[in-house]
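Right, one structure below, let's go through it.
In the working numbering, the protein residues as written are 522 to 730.
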């Protein structure tokens, strides 16, 4: 007999919810997690992305255990880090942070890392680390001023959202586009399907937009 699993997303990020829906997956519940995202001393961006995604997943597990609601439940957590070399860029909250990020990214390549953590119904932790290389054009003062005025950068790793206006800055992208948005779908679907989640269950009722 087939088991119908629930899926909990350890985030309230609209972009991650939309990406899950793009894959035909509707999360049964959202559990936003509030953790300290400060990098450890000399921590590599790859390690940071994996560590934070794991911490988010573990925090969601704790919440469900307190509610005694972990049965037949998959938990998905992710964290995205933008870096130039080993330099980790912040999730810009004020315009000065976004300005500094964009000036650094202007005319050069950077890397976007997303750590995915999936906790299976049996309690196993599965992890993937996905890397994408992105190159920006050289940004003019007009580009910078207009983008800052848009407010689209707020709360975004590296001070930009590739799925929005900043998509016009991208000269070249090597790797997963959905990774840069915040949730690499190919890798996530692979993790879920490998442990028995029925990824294709809702595909027959999907509607084209």
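For every residue, glycine included, the Cβ atom is placed at its ideal position computed from N, Cα and C.
- Secondary-structure assignment with DSSP links residue 657 through a beta bridge to 691.
- Taken in chain order, the complete alpha helix (DSSP H) segments of 4 or more residues contained in the segment 625-654 number zero; there are none.
- In the assembly as shown, residue 700 is a buried residue. Its beta-carbon has 16 or more other beta-carbons within 10 Å.
- As DSSP reads the structure, residue 600 sits in a beta bridge with 636.
- In this chain, residue 582 is not harboured by any beta strand (DSSP E); it is covered by the alpha helix (DSSP H) spanning 566-588.
- Check the Cα spacing between residue 681 and each of 608, 627, 546 and 570: the tightest is with 627.
- Nearest to residue 599 by alpha-carbon distance, out of 531, 674, 670 and 696, is 531.
- In the structure shown, residue 538 adopts helical secondary structure according to DSSP, grouped into three states.
- Residue 529: member of the beta strand (DSSP E) spanning 527-530, first to last residue.
- Contact between the segment 647-657 and the segment 691-709 is established, with three or more Cβ pairs separated by less than 8 Å.
- In the three-state DSSP reduction, residue 594 falls in the strand class (E or B).
- Per DSSP, the unbroken alpha helix (DSSP H) holding residue 662 starts and ends at 662-671.
- The criterion of a C-beta distance shorter than 8 Å is satisfied by residue 675 and residue 613.
- For the pair of segments examined, the segment 605-624 was found not to touch the segment 542-551: the number of CB pairs separated by less than 8 Å stays below three.
- In the DSSP secondary-structure assignment, residue 612 is bridged to 678.
- Taking the Cα positions, residue 715 is about 15 Å away from residue 528.
- Assignment of residue 605 by DSSP, reduced to helix, strand and coil, places it in the strand class.
- The three-state secondary structure of residue 551, taken from DSSP, is strand.
- Comparing alpha carbon positions, the residue from 586, 597, 690 and 556 closest to residue 665 is 690.
- In the three-state DSSP reduction, residue 699 falls in the helix class (H, G or I).
- For the options 622, 724 and 526, the alpha carbon positioned closest to that of residue 597 is the one of 526.
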